[in-house]
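Following: one structure in structure tokens, then a few remarks.
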Amino acid sequence: MEKVAIIGAGLIGRAWAMVFARAGHSVKLYDNTPGATGKAIGLIREGLEELQQFGLINDSPATVMKRVSGADTLAEAVKDADYVQENTAERLDVKREVYRQLDETAPAHCILASSTSTIQTSRFSEGLKGRHRCIVAHPVNPPHLVPVVEISPAPWTSAEVVARTHALHERVGQVAIAVKKEVEGFILNRLQGALLLESWRLVKEDYVSVEDLDKCIKEGLGLRWALMGPFETIDLNAPGGVSDYAERYGPVLYGMMKDVKHEPWDDELVAKIVEERRKLMPQAKHAEREAWRDRRLMALIAHKREISSKD
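As structure tokens, then:
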């Protein structure tokens, strides 16, 4: 089992710790904020207990927690690591400094992976002696519940590092997606961005309310998308499959969107969305609703595992 170092003990770092520890890996956790690592370890324990309630871990929380420990320094966390998952601030200057330190202190064979959702590998690894071992492994929030992870190398990342990263994530239960060449936002965020831009436009131009737009996804598209992606969806939505769908609906879809222009979200629009959301959910309920989301995701994962075994 590879030894894993988690750099940054916030929400994503804690989730990654659970991913690797529940799969049997030794995990060292480090955060440069005083007290953050200790707090994170307590929250990881609570998260594992919740996973157990839904049957999503094989070992007891106590057993899994024996694999998780804190480190006082970054160098201590990575000194004998085989794989690093970095989760620091989404700022290029921060990433470059952290990766400079990681490259100096981690063993030569150790893979240096980032959870960044916006910064390509080449932007923070160029100039490093060990740039060949740097890579992005971008998760979906929270990664211990939503398994997709995008593996996005720089042009100079070695093929061996790409293969090892992909294999590790598959072994720990994630679903690894290969980003074949660097693109801003990777794949998932570009797909999400297209849907969000159109969602905000439809609300701005008063075609639909925030509440009803969300219903379109959670009670419509989202039900299908929980089981299949857009290409499989259209393959099944026309008698002759993809080519039939393209002939029937391709020109219509293109015509529908060809003149659409998406504008930046201005203060007035943001205020409008916020007002509608706060009527539906007061800000004081935010943490409670987050916890509800995670419980529903756990139930959905458990259900998908059950039906997959029967299929």
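Mapping of the sequence shown onto the working numbering: residues 162 to 472, in sequence order. All residues carry an ideal CB built from backbone N, CA and C; glycine is no exception. The structure presented is a predicted model; accordingly, all values stated were derived computationally and were not measured.
For the beta strand (DSSP E) that contains residue i, what are its first and last residues?
i, result
"Q246", "244 to 247"
"K189", "188 to 191"
"V165", "165 to 168"
"V297", "295 to 300"
"E429", "Looking at the DSSP string, E429 is not in any beta strand (DSSP E); the run it does join, the alpha helix (DSSP H), is 428 to 441."
"I312", "309 to 314"
Since I believe residue j is in contact with residue i (beta carbons under 8 angstroms), could you give me their beta-carbon distance rounded to a whole number of angstroms?
i, j, result
"D264", "G291", "5 angstroms"
"G231", "G199", "6 angstroms"
"A131", "E247", "One cannot answer for residue 131 here, as it falls past the ends of the chain, which runs 162 to 472."
"P316", "A176", "Contact flag wrong, Cβ pair sits at about 29 angstroms."
"R228", "H186", "7 angstroms"
"T336", "P308", "First, the amino acid is wrong: residue 336 is Val here, not Thr. Right, their Cβ atoms sit about 5 angstroms apart."
"G334", "A184", "6 angstroms"
"A371", "E437", "Residue identity differs from the one stated: residue 371 is Val in this sequence, not Ala. Confirmed, Cβ separation roughly 4 angstroms."
"A463", "G288", "Not quite, the Cβ-Cβ distance comes to about 46 angstroms (not below 8 angstroms), so this is no contact."
"M459", "L212", "7 angstroms"
"I173", "S276", "5 angstroms"
"T266", "L235", "7 angstroms"
"E251", "T279", "6 angstroms"
Would you mind sorting residue i into buried or exposed? The rule is 16 or more other CB atoms within 10 Å of its CB.
i, result
"V297", "buried"
"S221", "exposed"
"M226", "buried"
"M417", "exposed"
"N179", "Reading off the sequence shown, one finds Met at residue 179, where the question assumed Asn. M179 comes out buried."
"G401", "exposed"
"T194", "exposed"
"Q353", "exposed"
"S469", "exposed"
"A324", "exposed"
"C271", "buried"
"G169", "buried"
"S286", "buried"
"I378", "exposed"
"G259", "The sequence as given places Val at residue 259; Gly does not occur at that position. Buried, because 16 or more other Cβ atoms sit within 10 Å of the Cβ of V259."
"A238", "buried"
"K465", "exposed"
"Y406", "buried"
"Q281", "buried"
"V435", "exposed"
"V431", "exposed"
"K256", "buried"
"L209", "buried"
May I ask which residues mark the beginning and end of the alpha helix (DSSP H) holding residue i?
i, result
"H464", "447 to 471"
"I173", "172 to 183"
Mind checking whether the beta-carbon of residue i lies closer than 8 angstroms to any heavy atom of the ligand FMN?
i, result
"W317", "Only the bare structure without any ligand can be found here, which leaves the ligand FMN out of the picture."
Open item on the list: Please give the ranges of any alpha helix (DSSP H) in the region 196 to 282, keeping only runs that are unbroken, at least 4 residues long and fully inside the region.
Closed with: Taking only runs of at least 4 residues, the alpha helix (DSSP H) segments lying wholly in the region 196 to 282 are 197 to 214, 222 to 226, 235 to 239, 253 to 266.
- [ ] Could you tell me whether the region 238 to 250 touches the region 163 to 170, using the rule of 3 or more Cβ pairs below 8 angstroms?
- [x] Contact holds: three or more Cβ-Cβ distances are below 8 angstroms.
Task: Any alpha helix (DSSP H) of 4 or more consecutive residues that is wholly inside the region 319 to 344 - done: Fully enclosed alpha helix (DSSP H) runs of 4 or longer: 320 to 332.
Open item on the list: Between the region 302 to 312 and the region 330 to 340, can you find at least three pairs of beta-carbon atoms closer than 8 angstroms?
Closed with: Yes: at least three Cβ pairs fall under 8 angstroms.
Open item on the list: Suppose only complete runs of 4+ residues qualify. What are the alpha helix (DSSP H) ranges in the region 357 to 415, listed by chain order?
Closed with: Runs found: 371 to 377, 383 to 386, 391 to 397.
Open item on the list: Closer than 8 angstroms is the cut-off here; do at least three beta carbon pairs connect the region 174 to 194 with the region 202 to 215?
Closed with: Contact holds: three or more Cβ-Cβ distances are below 8 angstroms.
- [ ] Report yes or no: do the region 336 to 343 and the region 364 to 382 share at least 3 C-beta pairs separated by less than 8 angstroms?
- [x] Look at the beta carbons and you see the region 336 to 343 not touching the region 364 to 382: under three pairs across the two are nearer than 8 angstroms.
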